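What follows is a single structure, written as structure tokens, with notes after it.
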Amino acid sequence: MRAVRRQGGCFTRKLSSGVCTHPMAVPGFIPGVFVFLLYISSVANYPNGRVTQSCHGMIPEHGHSPQTDPVHHITVSQVTFRPGDRIEVTLSGPQFKGFLLEARNAEDLNGFPVGSFTLTDSQVSQLLTCEDIQGSAVSHTSSSKKTEIKVYWNAPSSAPNHIQFLVTVVVKYKTYWVKVPSQIISQPNALPFTTPEATVSPSLTPPPVSHLTKPFSASDCGNKKFCIRSPLNCDPEKEEACVFLSFTRHAQSVMVEMSGPGEGYLSFAFSHDRWMGNDDAYLCIHEDQTVHVQPAHLMGRSHPVMDSKGHLEAVAWRLADGVMQCSFRRNITLPGVKNRFDLNTSYYIFLAGGAANDGKIYKHSQQPLITYEKYDVTDYPKNIGGSRSSLLLKVHGALMFMAWMTTVSIGVLIARFFRSVWSKAFFLGEAAWFQVHRMLMLTTSVLTCIAFIMPFVYRGGWSWHAGYHPYLGCIVMALAVLQPLLAAFRPPLHDPRRQMFNWTHWSVGTAARIIAVVAMFLGMDLPGLNLPSPQKTYAMIGFVTWHIGTEIVLEIHAYRLSRKVEILDDDRIQILQSLTVAEAEGHAFKKVVLAIYVCGNVTFLIIFLSAINHV
127 MRAVRRQGGC FTRKLSSGVC THPMAVPGFI PGVFVFLLYI SSVANYPNGR
177 VTQSCHGMIP EHGHSPQTDP VHHITVSQVT FRPGDRIEVT LSGPQFKGFL
227 LEARNAEDLN GFPVGSFTLT DSQVSQLLTC EDIQGSAVSH TSSSKKTEIK
277 VYWNAPSSAP NHIQFLVTVV VKYKTYWVKV PSQIISQPNA LPFTTPEATV
327 SPSLTPPPVS HLTKPFSASD CGNKKFCIRS PLNCDPEKEE ACVFLSFTRH
377 AQSVMVEMSG PGEGYLSFAF SHDRWMGNDD AYLCIHEDQT VHVQPAHLMG
427 RSHPVMDSKG HLEAVAWRLA DGVMQCSFRR NITLPGVKNR FDLNTSYYIF
477 LAGGAANDGK IYKHSQQPLI TYEKYDVTDY PKNIGGSRSS LLLKVHGALM
527 FMAWMTTVSI GVLIARFFRS VWSKAFFLGE AAWFQVHRML MLTTSVLTCI
577 AFIMPFVYRG GWSWHAGYHP YLGCIVMALA VLQPLLAAFR PPLHDPRRQM
627 FNWTHWSVGT AARIIAVVAM FLGMDLPGLN LPSPQKTYAM IGFVTWHIGT
677 EIVLEIHAYR LSRKVEILDD DRIQILQSLT VAEAEGHAFK KVVLAIYVCG
727 NVTFLIIFLS AINHV
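Going by my numbering, the sequence shown wraps up at 741, each residue one higher than the last.
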């Protein structure tokens, strides 16, 4: 998803776990992204108070209606002023976390800020540049609770006759007041201000809401409804874990139904590409035993910007049996409505969900489901699915598992324990064990090289949100290329440098295998692959245990065989006869162990490939 960063718009604190933001980030965490989303955050989405994007409207983008009766007040040290005067302005009231204070022309409260401010305490307040006027607004520096803020307003030489201070105050994510006014201050010779304009909170009146009475039905999917389901073809009437989204066209409007696990929020978005950014999104948020339906638009890996609900009709919801349902109708085209896409065009469709608390939404719990191709939801009804992982990342994971779980592991065992078993010359005069070992190791290197390229093709470059995994992957790639190059310069058997080569060859190979296993552990936790947890961890631990256990068995067998030969009778003929029998028995045992080991490896590989295929 394109990483488009937004510098303002929320009035409160950013959390590492979410977006208003994103991430967050711990090693292994991607960009993920819908949230399609939704690197999404907590009550206070900007602790640093840098909310310049909201300078003009002074409206927090929290998706809730503002309060109507102010409980905070602005007082001024004098009611008249001259250009160049410095006037003390005080914001006070019950505890609050965030604020935005500006001075406006009292005769044009929707105009630009007037004058500039001077701080009295830079620990709790900071200056902002709004409308290219430096220091024309003041905001908080952190989400700590406050009861009073004092600043000085500097009257400019071009000040209008009448000034009124406006402040937006945030107490909680969903509790805030917009444009709380002060008394009007005037220049001494100005005419009386007789027609004050009341500051009215912005109109965010939601559409009427009703309650659904039964689960959504998937029986008309592909017939009357355009449906997206996860898992594919799940039944929203019977399965609590079924995430269901449908679109039904009615003349010039579309009815939307969405349902799924009801502990947090569900969301979907229309996108021109498979990356987060510049998308038309809709969220259903569980809060206080109700569900809020909220349009929004996405600006990269950041908190969704909440929009007006005025263009939504027939809004309804239901909470029952752990399932959240919401539905609404909107017109296919909405001329003049910003950030809303026309629905009679083909888009990729994102479907995601995550945790919510007190109306705040957090980063989606897993990668969003994205349709395989673009669709027009007003066209012929279809019944489709999607994937939570890119095909390129799936192939990357599959090839790496094949290389470092199967071919390299078998090749190592053959080189370590099967030299005496397959010692006869086979092709080009080389021993059979060596031919098999070389083939498996070259296969490992080729698979690694192919797999290594795919994430770069997918991301279009380096991924800065994947933790240590890409760094370890680069090391593995380098060692996978270095190892066959070293082997190409292997000294003859009795060359004095042969022992140094053997140790170097073993060290490089062992290091590559260990780092590859660590990289796979980290890679499985990345949202881009999205393998089921904790089964993926158990399966990987099982594979490592399986391989180490096999090596231990073969080591013990080799030791017992050597001891058995040592205690044979001193009679030379008897020694030779017993040695032949012991070797034959040993070879048979090794072949059985290898066959069992290969079957086990293939089983583990199938488990992982199946998991990747179902993502």
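Heads up, the beta-carbon is just placed ideally off N, CA and C, and yes, glycines get one too. Because the structure is a prediction, the values reported are computed rather than measured.
Beta carbon of residue i nearer than 7 Å to that of residue j
{"i": "LEU236", "j": "PRO286", "result": "This sequence places Asn at residue 236; Leu is not what is there. Cβ distance not < 7 Å, so ASN236 and PRO286 don't count as in contact."}
{"i": "TYR584", "j": "SER516", "result": "yes"}
{"i": "ASN656", "j": "GLN492", "result": "yes"}
{"i": "GLY480", "j": "TYR488", "result": "yes"}
{"i": "ILE738", "j": "LYS520", "result": "yes"}
{"i": "ALA592", "j": "LEU680", "result": "no"}
{"i": "VAL202", "j": "ILE311", "result": "yes"}
{"i": "PHE647", "j": "MET666", "result": "yes"}
{"i": "ILE213", "j": "TRP279", "result": "yes"}
{"i": "ALA407", "j": "ALA422", "result": "yes"}
{"i": "SER218", "j": "GLU274", "result": "yes"}
{"i": "HIS429", "j": "VAL463", "result": "no"}
{"i": "PHE319", "j": "VAL215", "result": "no"}
{"i": "THR671", "j": "TYR723", "result": "no"}
{"i": "LEU392", "j": "CYS410", "result": "yes"}
N-terminal and C-terminal residue of the alpha helix (DSSP H) that residue i is part of
{"i": "THR636", "result": "624–650"}
{"i": "LYS520", "result": "517–527"}
{"i": "GLN574", "result": "Contrary to the premise, residue 574 reads as Thr rather than Gln in this sequence. Taken as a continuous stretch (DSSP letters only), the alpha helix (DSSP H) holding THR574 covers 558–585."}
{"i": "GLY599", "result": "595–614"}
{"i": "PHE543", "result": "534–543"}
8 Å CB neighbourhood of residue i in its chain, flanking five on each side removed
{"i": "LEU573", "result": "LEU525, MET526, MET528, ALA529 and THR533"}
{"i": "LYS271", "result": "GLN221, PHE222 and LYS223"}
{"i": "VAL728", "result": "THR532"}
{"i": "PHE669", "result": "MET531, ASN727 and PHE730"}
{"i": "GLN249", "result": "THR267"}
Cβ-based neighbour list, residue i, same chain, cut-off 7 Å, excluding 5 preceding and 5 following
{"i": "ARG742", "result": "Given a span of 127 to 741 for the chain in the structure shown, any question on residue 742 remains unanswerable."}
{"i": "PRO209", "result": "ALA281, PRO282, SER283 and ALA285"}
{"i": "SER472", "result": "LYS500, TYR501 and ASP502"}
{"i": "HIS620", "result": "none"}
{"i": "HIS563", "result": "GLY537, ILE540 and ALA541"}
{"i": "PRO610", "result": "MET567, LEU568 and SER571"}
{"i": "SER736", "result": "none"}
{"i": "LYS276", "result": "GLU214, THR216 and THR246"}
6 Å CB neighbourhood of residue i in its chain, flanking five on each side removed
{"i": "PHE137", "result": "Only weak support is given to the placement of PHE137: the predicted model assigns it a pLDDT of 44, under 50, and the question is left unresolved by the model."}
{"i": "ALA642", "result": "TRP530 and VAL602"}
{"i": "ARG624", "result": "PRO617"}
{"i": "MET381", "result": "THR374 and ARG455"}
{"i": "HIS740", "result": "none"}
{"i": "LEU227", "result": "VAL264 and VAL293"}
{"i": "TRP548", "result": "ALA558 and TRP559"}
{"i": "TYR302", "result": "PRO186, PRO192 and VAL296"}
Where residue i falls, given that 16 or more other Cβ within 10 Å makes a residue buried
{"i": "PHE553", "result": "exposed"}
{"i": "THR570", "result": "buried"}
{"i": "LEU164", "result": "Annotation note: pLDDT 38 at LEU164 (below 50); position unreliable, coordinate value reported separately. Under this definition LEU164 is a buried residue."}
{"i": "ALA482", "result": "buried"}
{"i": "GLY586", "result": "exposed"}
{"i": "CYS725", "result": "exposed"}
{"i": "ASN349", "result": "exposed"}
{"i": "CYS600", "result": "exposed"}
{"i": "GLN420", "result": "buried"}
{"i": "PRO239", "result": "buried"}
{"i": "TRP629", "result": "exposed"}
{"i": "ILE732", "result": "exposed"}
{"i": "MET565", "result": "exposed"}
First and last residue of the uninterrupted beta strand (DSSP E) at residue i
{"i": "GLY386", "result": "379–387"}
{"i": "ILE487", "result": "486–490"}
{"i": "LYS272", "result": "272–280"}
{"i": "LYS298", "result": "288–298"}
{"i": "ASP406", "result": "405–413"}
{"i": "GLN193", "result": "Looking at the DSSP string, GLN193 is not in any beta strand (DSSP E), and its letter there is neither H nor E."}
{"i": "GLN451", "result": "449–457"}
{"i": "LEU254", "result": "251–256"}
{"i": "ASN359", "result": "Looking at the DSSP string, ASN359 is not in any beta strand (DSSP E), and its letter there is neither H nor E."}
{"i": "PRO220", "result": "212–222"}
Cβ-heavy atom distance, residue i to the ligand ZN, below 6 Å
{"i": "VAL441", "result": "The ligand content of the structure shown is nil, which means the ligand ZN is not present either."}
Segment contact flag, the stretch 624–640 with the stretch 490–499, C-beta cutoff 8 Å, min 3 pairs:
Segments in contact, no.
Flag this pair as touching only if the stretch 334–353 and the stretch 448–464 have three or more C-beta atom pairs under 8 Å; answer yes or no.
In short, these stretches touch, since the Cβ pair count reaches three.
Could you tell me whether the stretch 343–355 touches the stretch 406–416, where touching means 3 or more Cβ pairs closer than 8 Å?
No, the stretch 343–355 does not touch the stretch 406–416.
Please confirm if the stretch 471–491 is in contact with the stretch 394–401, defined as three or more CB-CB distances below 8 Å between the two stretches.
Put simply, the stretch 471–491 touches the stretch 394–401. At least three CB pairs are less than 8 Å apart.
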